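A.B. asks:
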Amino acid sequence: MSAVFELFANSRAVLGESAVWCEWDCSLYWLDVLNGIVYRKKGMSGDPESFDRFELKIGKIGGISFTREKTILLFAEAGKVWEWTPGAEPVLYTNLRIASETRFNEVITAPDGTVFCTVAPLLQGGIGSLWRMDLLGKFSCIEVATTGMPNGLGFSPDRRKLYFTVTTERRIYSYDFEPDRGGHVSNKDVFVQMHTGEGRPDGLTVDSEGCVWSALWEGGKLVRFSPDGAKVAEYAFPMRQVTGVAFGGEGLRDLFVSTANYPWDDGEFEMHHAGAVFRMKESPYTGKLEFLR
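Sequential numbering of the sequence shown, starting at -9, is according to our numbering.
1) Quick check: the Cα distance between Phe106 and Ile98, rounded to an integer number of angstroms?
2) Roughly how far, in whole angstroms, is the beta-carbon of Pro253 from the beta-carbon of Val196, given that I think they are within contact range, below 8 Å?
3) Kindly identify the DSSP beta-bridge partner or partners of Gln183.
4) Give me the residue from Glu13, Lys31 and Arg43 with the minimum Cα distance to Asn25.
5) Just the Cα atoms here: how many angstroms apart are Asp22 and Thr249?
6) Below 8 Å, how does it come out for the region 2 to 12 and the region 224 to 234: are there three or more Cβ pairs, yes or no?
7) Considering only residues of the region 89 to 136, which uninterrupted beta strand (DSSP E) runs meet the minimum length of 3 residues and lie entirely inside it, listed in chain order?
8) Quick check: the region 31 to 38 against the region 59 to 70, are at least 3 beta-carbon pairs closer than 8 Å?
9) Is the CB-CB distance between Met85 and Gly52 below 8 Å?
10) Let's test the definition: count the other Cβ atoms within 10 Å of the Cβ of Val81 and tell me whether it reaches 16, buried, or not, exposed.
11) Considering only residues of the same chain and omitting the five flanking positions on each side of His262, which have a CB-CB separation below 7 Å?
12) I need the DSSP call for Glu169, collapsed to helix, strand or coil.
13) Going by beta-carbon coordinates alone, are Ser90 and Gly69 separated by less than 8 Å?
14) Closer than 8 Å is the cut-off here; do at least three beta carbon pairs connect the region 159 to 168 with the region 107 to 115?
15) Hey, how far is the Cα of Phe259 from the Cα of Arg2?
16) Please look up how many angstroms separate the CB atoms of Asp20 and Val213, rounded, as I've assumed it's under 8 Å.
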């Protein structure tokens, strides 16, 4: 692993995903999707063993969205979205009934407070989909079928582009996003096509310069793409399953990377801390604030 990254949180996540910075909590949140665990690390403590672990017993959890009321929406299995505050029991917020036999995966909140959310296929090789949850908790379908796992999402700094990853297609797509037309999305295009052997794009974020960061599942890398899709930076990790990326900390200058250890391997954890979260402290890059529900 590049020396610029340090061990931030030594979580033993099987499928560590969905790292996201919470500005009002001054905390990084992330998930162990398969075990339904929410992790939180408050502040910037250098102790990698210092973090909170919440096992909520609502099944698999794929995505996190923060609200203006300082609550947290957890997008979970069986199409269920739960509202939660750390220390309290989660309460059912809404339900996408058509997804009752599957689970949500990555989500992102749009500038208007609606949430784009992906639904993972039940079986390998199955069909995924992309949805949008409005301010009343009702869903509309954006992409009825993707070839396999729909994944990371992000907005350009000018709010004019929505990026959407389909891991099994090795592609990141872009859409025109029109905030003046109620957040209408159109003109789907291929932003990046990864080649066999490079790994599969997973979690995604966009920095303040409009560059797209993608974590590469089975590729052991974090890659930065320019707004026109050219690869401009790359960071290698010793574990193959690099899953997510987020900016946070003071001035949104810290760069966080989540990893997985799937299927679980004690040796990979002992040698490389696979399943942990890593940090590039005070990076030369700057993130942008996540929108609130």
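No residue lacks a Cβ here, since even glycine has one placed at the ideal position from N, Cα and C.
Fair warning: this is a prediction, and the values are worked out from it, not measured in the lab.
C.D. replies: The short version:
1) Position 116 of the sequence shown, counting from 1, holds the residue named residue 106. Position 108 of the sequence shown, counting from 1, holds the residue named residue 98. Straight-line Cα distance between these residues: approximately 5 Å.
2) Counting from one through the sequence shown, the residue named residue 253 turns up at place 263. Counting from one through the sequence shown, the residue named residue 196 turns up at place 206. Actually they do not touch by this definition, with Cβ atoms about 31 Å apart.
3) For the purposes of this step, residue 183 is identified with residue 193 of the sequence shown, where counting begins at 1. Per DSSP, Arg161.
4) Translated into positions along the sequence shown, residue 25 becomes position 35. Nearest to Asn25 by alpha-carbon distance, out of Glu13, Lys31 and Arg43, is Arg43.
5) To locate residue 22, count along the sequence shown from 1; it is residue 32. To locate residue 249, count along the sequence shown from 1; it is residue 259. Going from the Cα of Asp22 to the Cα of Thr249 covers about 10 Å.
6) yes
7) 93 to 99, 105 to 110 and 117 to 123
8) no
9) Position 95 of the sequence shown, counted from the start, is the residue given in the question as residue 85. Position 62 of the sequence shown, counted from the start, is the residue given in the question as residue 52. The sequence shown places Asn at residue 85, not Met. Contact flag unset, no.
10) Counted from its first residue, the sequence shown places residue 81 at position 91. Residue burial annotation: Val81 is exposed, with fewer than 16 other C-beta atoms found within 10 angstroms of its C-beta.
11) Taking the sequence shown and counting its residues from 1, one reaches residue 262 at position 272. For His262, where only same-chain residues beyond five positions count, the Cβ hits under 7 Å are Pro228 and Met229.
12) Counted from its first residue, the sequence shown places residue 169 at position 179. A small fix is needed here, since residue 169 is Pro in this sequence, not Glu. Correct three-state label for Pro169: helix.
13) Counting from one through the sequence shown, the residue named residue 90 turns up at place 100. Counting from one through the sequence shown, the residue named residue 69 turns up at place 79. Cβ distance < 8 Å, so Ser90 and Gly69 count as in contact.
14) no
15) Here residue 259 is taken as the residue at index 269 of the sequence shown, counted from 1. Here residue 2 is taken as the residue at index 12 of the sequence shown, counted from 1. If you take the alpha carbons of Phe259 and Arg2, they lie about 8 Å apart.
16) Within the sequence shown, residue 20 is the residue found at index 30, counting from 1. Within the sequence shown, residue 213 is the residue found at index 223, counting from 1. Looking at the sequence provided, one finds Trp at residue 20 rather than Asp. Actually they do not touch by this definition, with Cβ atoms about 20 Å apart.
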